[in-house]
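Residue numbers (this note's numbering): 1012 to 1096. Using N, Cα and C, we set each Cβ at its ideal position, and we do this for glycine too. Here is the structure we will look at, set down as structure tokens.
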């Protein structure tokens, strides 16, 4: 994160971008944010939006729920896609 801070120091609004990156620490943790910063440096781009994007891609996707449909709501006749009728 120190390398990212040094690179953002020379950019307009770099301090705001660094604060945005620091804002990700409580939710994602220090290790994940440091890893995302290293990933951003590997790309050669150092912006808060890229680092947040890398963090979002590294998170586990939310588990999907399977809905149980009551029998009363099931269709008696499935719709047919027939463009010729």
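Membership of residue 1037 in the alpha helix (DSSP H) is indicated by the continuous run 1036–1039. Considering only 1043, 1082, 1023, 1074, the residue with the shortest C-alpha distance to residue 1012 is 1043.
For residue 1052, the three-state secondary structure derived from DSSP is helix.
DSSP places residue 1044 within a helical segment (H, G or I) once states are collapsed to three.
For residue 1053, same chain residues with a beta-carbon under 6 Å away, outside a window of 5 residues either side, do not exist. Contact between the segment 1062–1077 and the segment 1028–1042 is present: three or more C-beta pairs spanning the two stretches fall below 8 Å. A straight line joining the alpha-carbon of residue 1084 with that of residue 1076 spans about 18 Å.
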